[in-house]
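S.K.: Chains as they are written, first to last, in numbering that gives the first Met the number 0: chain A, 0 to 265; chain B, 0 to 265. In this text, a Cβ means the ideal position worked out from N, Cα and C, and glycines have one as well. All figures in this text were calculated on a predicted structure; none of them were measured in a lab.
2 protein chains.
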Amino acid sequence: MERAQLVKQIFGRRSVLCVGLDTDLNKIPRHLLREADPGFSFNKAIIDATKEYTVAYKINTAFYEAQGIRGWESLQRTLEYIPEDIFTIADAKRGDIGNTADQYAKTFFETYPFDSVTVAPYMGSDSVKPFLQRKDKWAIVLGLTSNAGSADFQLQQCGSELLYEKVLRAVASWGSPDNLMFVIGATRKEQLQHVRQMLPDHFFLVPGVGAQGGDVPTVCGNAMNKDGGVLINVSRGVIYASNGEDFADEAAKAAKAYRDEMAVYL
Amino acid sequence: MERAQLVKQIFGRRSVLCVGLDTDLNKIPRHLLREADPGFSFNKAIIDATKEYTVAYKINTAFYEAQGIRGWESLQRTLEYIPEDIFTIADAKRGDIGNTADQYAKTFFETYPFDSVTVAPYMGSDSVKPFLQRKDKWAIVLGLTSNAGSADFQLQQCGSELLYEKVLRAVASWGSPDNLMFVIGATRKEQLQHVRQMLPDHFFLVPGVGAQGGDVPTVCGNAMNKDGGVLINVSRGVIYASNGEDFADEAAKAAKAYRDEMAVYL
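In structure tokens:
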């Protein structure tokens, strides 16, 4: 999907909500386990219930890989079921070099035709550039993550800046705001303002809202730009809003509530 | 596999050779494409031809993932075919947090029962520790890689040390030499000596020998310890020694030549 189309969806739906399909067969409503493909049945119901309020779906590949071939089949069915006009993210956090990175790009841009894939930066330019070679396909590179361990390296001083700042600066120079986004798991106002100041034009994929403690007004109020500029991911807060027969209705209510909070800023 | 068994294999075979199964259907001998599972047929022949000289096989998951379900079937058949006494590495470079990292650990330790998986450190302790919870299973964490891009971040000054040194020091404190190895793609004598001095007891997975310019005497002469302490990975230099009908014989010769170079040090 090209940037202009993503922006059109954001302002059309007045939403920057990304629903994270971290579909765990141990957490979905019991009655779905009778289905032939419980993971897909769950995702299909969640997508039907939330697509009106959502501009992106993020598939966390780990939950599918762990099931082996069955999981990859659920992933493929889910990807095919997501409406054309909604941005798709393979949250796979791949990172390797040269011909191996080419194979990962093929996996998530061709074999499974996502719009974007999350990428880890540790190995440097030759681990990121292979994901920037296809029209309308995006690399979403880890910048600042929202977990406790982000302090171990990302927040360490490296020369005149912190490591994550060095990463943002360097990676931004390898692509453009039309094929590169960053994972910015910031929940604090100052961090969000700082990163937006560093990168005025790029989209940020922002996890950490809901279960992880972040909130929509803080993110929208401090990290948006004229194109919206953020995709706020919520996983558990939407897909596990209820684990009963009413799970889809409750997911719809949760997604609508997030959308309504976002609409104020769009 | 526990450390003692790996060390026993190393001294029994007088080898630290790891053969990298970066099996690319565009590079394997044409005649194999007539087989039902060409990737597995190729790997099976390579394993039969090289297992006498090899203490580890490294499956580069990207080449299998890119083929979708077919690829995962080849991966599973290959893993099942590798002899019990040879150490197996899923070169998947996963890196994510908490419950997602648990899913990746499940993928490569249970769904596909490898002995070890390569892990990226950027997200910090909660992205590595989930791989250190199972008996006789190993995380092999990226330390210093051999690609040009390693200069972008790994070789940057971070406080009193380089980033990769900070990573080695921190990650080593999260596990032990019995469940933690590091990827050390060093080809220079001084680097190898320095890393061995920092971490006297850990095993290093060393790529970069052969096609990438490193050589066995430099690695063995500078990075080995009393247990061997290194696994030297060669991929193209063995599996693509020939792309004709004689590919397996040529792979055997190449593996034997590497083993003979290594035996001097064991």
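#1: Would you call the stretch 208-226 of chain A and the stretch 30-39 of chain A touching, i.e. three or more CB-CB distances under 8 Å?
#2: How about residue 141(A) and residue 120(A): are their beta carbons less than 8 Å apart?
#3: Go to residue 187(B), then tell me how far its beta strand (DSSP E) extends in each direction, as first and last residue.
#4: Figure out for me which residue from 174(B), 230(B) and 158(B) has the closest Cα to the Cα of residue 184(B).
#5: Taking the alpha carbon of residue 201(A) as the point to measure from, which residue in 174(A), 190(A), 103(A) and 155(A) has its own alpha carbon closest?
#6: Is residue 148(B) closer than 8 Å to residue 152(A) when the C-beta atoms are compared?
#7: Beta strand (DSSP E) containing residue 56(A): first to last residue?
#8: Using Cβ-Cβ distances below 7 Å, what residues of the stretch 137-148 of chain A are close to chain B?
#9: Just to confirm the assignment, what range does the beta strand (DSSP E) spanning residue 182(B) have?
#10: For chain B, check one thing: does any of its Cβ atoms lie closer than 8 Å to the Cβ of residue 218(A)?
#11: What would DSSP say about residue 26(B), mapped onto helix, strand or coil?
#12: Quick one: list the residues of chain A neighbouring residue 59(B), beta-carbon separation under 9 Å, in chain order.
#13: Answer yes or no: do residue 117(B) and residue 65(A) have a C-beta to C-beta separation smaller than 8 Å?
#14: Please decide whether residue 126(B) counts as near chain A, where near means a Cβ-Cβ distance under 8 Å.
#15: In the stretch 160-180 of chain B, which residues sit with their C-beta less than 7 Å from some C-beta in chain A, listed in chain order?
#16: Rounded to a whole number of angstroms, what is the C-alpha to C-alpha distance between residue 215(B) and residue 260(B)?
#17: Quick check: residue 86(B) and residue 0(B), are their CB atoms within less than 8 Å of each other?
#18: Hey, would you say residue 100(B) sits closer than 8 Å to residue 129(B), going by beta carbons?
#19: Can you name the residues of chain B whose CB is closer than 9 Å to the CB of residue 158(A)?
#20: Shorter than 8 Å from the beta carbon of residue 106(A) to some beta carbon of chain B?
#21: Quick check on residue 250(A) - is its C-beta less than 8 Å from some C-beta in chain B?
#22: Whose CA, out of 223(B), 245(B) and 250(B), lies closest to the CA of residue 264(B)?
#23: Do residue 242(A) and residue 28(A) count as a contact pair if the criterion is CB distance below 8 Å?
#24: Spatial neighbours of residue 192(B) within its chain, please: C-beta separation below 8 Å, excluding the five flanking residues on both sides.
#25: Quick check on residue 151(A) - is its C-beta less than 8 Å from some C-beta in chain B?
#26: Going by other Cβ atoms of all chains shown within 10 Å of its Cβ, with 16 needed for buried, is residue 73(B) buried or exposed?
#27: When Cβ atoms are compared, which residues of the stretch 59-86 of chain B fall closer than 8 Å to chain A?
#28: By DSSP, does residue 160(B) sit in helix, in strand, or in coil?
#29: Pick helix, strand or coil for residue 231(B), following the three-state DSSP scheme.
#30: Is it buried or exposed for residue 156(A), if we count other Cβ within 10 angstroms and need 16 for buried?
#31: In chain A, which residues lie less than 9 Å from residue 89(B) when you measure between Cβ atoms?
#32: So, at 7 Å on beta carbons, what are the nonlocal neighbours of residue 166(A) in its own chain, with the 5 sequence-adjacent residues on each side left out?
#33: Quick one: which chain A residues come within Cβ less than 7 Å of residue 120(B)?
#34: Rounded to whole angstroms, what is the Cα-Cα separation between residue 233(A) and residue 50(A)?
#35: Measure the Cβ-Cβ separation of residue 198(B) and residue 169(B) and say whether it is below 8 Å.
#36: Do residue 43(B) and residue 80(B) have their beta-carbon atoms positioned less than 8 Å apart in this structure?
M.R.: Taking the geometry as given:
#1: no
#2: With a cutoff of 8 Å on beta-carbon distance, residue 141(A) and residue 120(A) are scored as near each other.
#3: From DSSP, residue 187(B) is part of no beta strand (DSSP E); its letter is neither H nor E.
#4: Checked all of 174(B), 230(B) and 158(B); the closest Cα to residue 184(B) is 230(B).
#5: 174(A)
#6: no
#7: 55-59
#8: Under the 7 Å Cβ criterion, the stretch 137-148 of chain A contributes 141, 144, 146, 147 and 148.
#9: 179-183
#10: no
#11: coil
#12: 95, 99 and 102
#13: no
#14: yes
#15: 162, 165, 166 and 169
#16: 7 Å
#17: yes
#18: yes
#19: 155, 156 and 157
#20: yes
#21: no
#22: 223(B)
#23: yes
#24: 221 and 222
#25: Cβ-Cβ to chain B under 8 Å: yes for residue 151(A).
#26: buried
#27: If the cut-off is 8 Å between Cβ atoms, the stretch 59-86 of chain B has 59, 61, 62, 64, 65, 66, 67, 68, 71, 72 and 75 near chain A.
#28: strand
#29: strand
#30: exposed
#31: What residue 89(B) touches in chain A: nothing, since even the nearest Cβ is about 11 Å away.
#32: 120 and 142
#33: 121 and 152
#34: 14 Å
#35: In this structure, residue 169(B) does not lie closer than 8 Å to residue 198(B) by Cβ.
#36: yes
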